[in-house]
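This report concerns only the one structure given below.
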């Protein structure tokens, strides 16, 4: 019996009719007001953590979200889950508008989203056995599950992620990092979610363990038709696992397209710089290639820059127009979007 | 003569639950201006090796034996005041997390000037000038003003630049960088690695770069030591390690990482996990995870490092049959659970 037999997503994925707009975001913004200064009563400014993001996720696809720290990857995923309500914009799951639901209903709706976090040491309750943790997660979907049926489900979930069901009475500290991440994945699958958000799930793991977890995620997607947002700062990991990649910079998406296209033929200079910064495990390539080295750090989202926010770091020559013209995400090749700043898109750079 | 010659260095931690041999018979050789990479997973003894070189091991850890010859002196035998003199002046170290290695209560200027005054007879004003020049050298804009700031006012990449400037201000002969870019973004990592390389070329410093990232090694190191469970399993030039790797661990590691050009459906995986170091290891530590056909149960001492020629050394393991290419024996499946 398939663990996710009750999951509509898995069923329709198996039938082959995948929804194009499984999850859709329309100009979603998440602004944090820092309040007023106590003495001067002046506004301390607004942090635009996510700014005007629009995208759709197909059913059964893995969308990779890449960017430097502080670019809004995690905030965007929290906004999608409605853990923080968006400042403006629409978020729809299977055509149902989540951002309009009242708080009471959103709690119920959230069963459809599950997260896998970076640090499996911190994301599992140290006082719960693996069985307890999974049973609790199963009961969020099936409140009456108990006894033999519940046990059966836990065993299936553990098998699914490559853990020995005999270990289900153990506590998290008895497992290694890679095994703990498998428990975390099993727990995310337990409530039969429609969408899984994996926030840097392999960054804390050793290289030889990392490939085990990546293979597992890919296999689960292929076997069960999971829809997933995979957040990472490592473009080579994202390129491996994702179908499409969205590159974020300062709260905005600067490039979006098929994983292979974005990596092999990037349009935006930032994507190219990000890629050239990734060290390749091949000395000959490393010696011969030229780096696009970005100057300085990403600017603070607290003082939003006008125009294309990439100008303080841009390695290409530019003039005042870059600071004034606000770029938009446009479809440049079919299915391949990029922010249309004329300087950032120059292919000759 | 080599600048640094580490021979059969062993360090153990004497815990209540048993003895952990964190570093076991490690030998390193390093010339001036050369960069040596030490790669391995967490717990493989990379950092403990570096701490042992500088005698920074704290209780319950103890250096059990071996020698660390640095420019004709055995650092494990010299007096405490002598080693304090060498630390920071002739051998500097930078750590993974720049926030924890800078004092949050002191201005950057105080910390940099302190390092200078400790090792040279320099007055405050001259020391400050030199510090500012050093910060400018590592690419901190407006250094004369920024130097009076506190560490929290700097971003992660800038803090690591401050650390590098402080480490290089005495123009040391050897720089030990322990995962200097692991906590940073890739774009900042590229800047920092570039900076270390430039400074090294300028000053002729020898560098030991500890990392778990094979990509970083490929771009920066001349020679590489691969460590597993406290031992060096393979060492050689960067090209030898990347193109002629002989040890199954080195080979499997390279196959397991996705690169920007990885095609195909699943990655190669190394089954199992690193051994529990508190338990005694019989024979080859990699044996339980080794994908090659097994020839017999491992027992006795760990396999010796054998030179294959041109300085390429590899652990000569007798327990597995390594005649086939690694691609044929590695699996691409999600490994099954082990009891």
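Residue numbers (our numbering), protein chains in the order written: chain A, 265 to 613; chain B, 442 to 780.
Heads up, the beta-carbon is just placed ideally off N, CA and C, and yes, glycines get one too.
query                                                                                                                                                                                       : result
Could you work out which residue in 447(A), 589(A), 565(A) and 581(A) is closest to residue 429(A) when comparing CA atoms only?                                                            : 447(A)
So who's on the other strand from residue 326(A), going by DSSP bridges?                                                                                                                    : 492(A)
Please classify residue 500(A) as buried or exposed, where buried requires at least 16 other C-beta atoms within 10 Å of its C-beta.                                                        : buried
Could you check the C-alpha separation between residue 737(B) and residue 725(B) for me, to the nearest Å?                                                                                  : 11 Å
Does residue 442(B) come out as helix, strand or coil in the three-state DSSP assignment?                                                                                                   : coil
In chain order, what residues of the same chain lie with their CB nearer than 6 Å to the CB of residue 618(B), ignoring the 5 residues before and after it?                                 : 535 and 650
Secondary structure at residue 733(B), three-state DSSP: helix, strand or coil?                                                                                                             : coil
Note down the Cα distance separating residue 679(B) from residue 427(A), rounded to an integer number of angstroms.                                                                         : 37 Å
Would residue 456(B) be called buried (16 or more neighbouring beta carbons within 10 Å of its own) or exposed?                                                                             : exposed
Can you pull the DSSP bridge partners for residue 343(A)?                                                                                                                                   : Bridge partners of residue 343(A): none, in fact.
Is residue 722(B) helix, strand or coil when you go by DSSP?                                                                                                                                : coil
For residue 626(B), which residues in chain A fall below 7 Å Cβ to Cβ?                                                                                                                      : 332, 333 and 497
Which class does residue 302(A) belong to by DSSP, given the choice of helix, strand or coil?                                                                                               : coil
List, in chain order, every chain B residue whose beta-carbon is nearer than 8 Å to that of residue 442(A).                                                                                 : 714
Who are the Cβ neighbours of residue 669(B) in its own chain at under 7 Å, not counting the five residues just before and after it?                                                         : 481, 485, 690, 726 and 727
Kindly list the residues whose CB is nearer than 8 Å to the CB of residue 598(B), restricted to its own chain and excluding five residues on each side of it in sequence; keep chain order. : 625, 626, 629, 632 and 633
Tell me which residues of the segment 530–555 of chain A have at least one Cβ-Cβ distance to chain B shorter than 7 Å, keeping chain order.                                                 : 537, 538, 539, 541, 542, 543, 544, 545, 546, 547, 550 and 555
Can you list, in chain order, the stretches of the alpha helix (DSSP H) that have 4 or more residues and sit fully within the segment 738–775 of chain B?                                   : 767–770
Determine the extent of the alpha helix (DSSP H) in which residue 656(B) is found, giving its start and end residues.                                                                       : 655–661
Using the C-alpha atoms, what's the distance from residue 667(B) back to residue 685(B)?                                                                                                    : 13 Å
According to the Cβ coordinates, are residue 328(A) and residue 475(A) closer than 8 Å?                                                                                                     : no
Can you pull out the residues from the segment 684–701 of chain B whose beta carbon lies closer than 9 Å to at least one beta carbon of chain A?                                            : 684, 690, 693, 694, 695, 696, 697, 698, 699, 700 and 701
Within a Cβ cutoff of 6 Å, which residues of the same chain sit near residue 763(B), ignoring the five residues on either side of it in sequence?                                           : 733
What residues in the segment 466–482 of chain A bring their beta carbon closer than 8 Å to a beta carbon of chain B?                                                                        : 470, 471, 472, 473, 474, 475, 476, 478, 479, 480 and 482
Which residues, taken in chain order from the segment 745–756 of chain B, show a beta carbon closer than 7 Å to some beta carbon of chain A?                                                : none
Would you mind reading off the limits of the alpha helix (DSSP H) that contains residue 488(B)?                                                                                             : 487–494
Between which residues of its own chain and residue 446(B) is the CB-CB distance below 7 Å, once the five residues before and five after are set aside?                                     : 470 and 510
Please name the residues in the segment 593–606 of chain B whose beta-carbon is closer than 9 Å to at least one beta-carbon of chain A, in chain order.                                     : 596, 597, 598 and 599
Taking the straight line between their C-alpha atoms, what separation do you get for residue 470(A) and residue 385(A)?                                                                     : 14 Å
If you draw a straight line from the alpha carbon of residue 579(A) to that of residue 347(A), how long is it in whole angstroms?                                                           : 37 Å
Between residue 493(B) and residue 683(B), what straight-line distance do the alpha-carbon atoms span, to the nearest angstrom?                                                             : 27 Å
Output yes if chain A places a C-beta closer than 8 Å to the C-beta of residue 482(B); else output no.                                                                                      : yes
Compare the C-beta of residue 417(A) with all C-beta atoms of chain B and state if any pair is closer than 8 Å.                                                                             : no
Looking at chain B, is there any beta carbon in it that lies within less than 8 Å of the beta carbon of residue 503(A)?                                                                     : yes
According to DSSP, is residue 617(B) helix, strand or coil?                                                                                                                                 : strand
Name the two residues that bound the continuous beta strand (DSSP E) containing residue 608(A).                                                                                             : Where residue 608(A) is concerned, there is no enclosing beta strand (DSSP E), given that its DSSP letter is neither H nor E.
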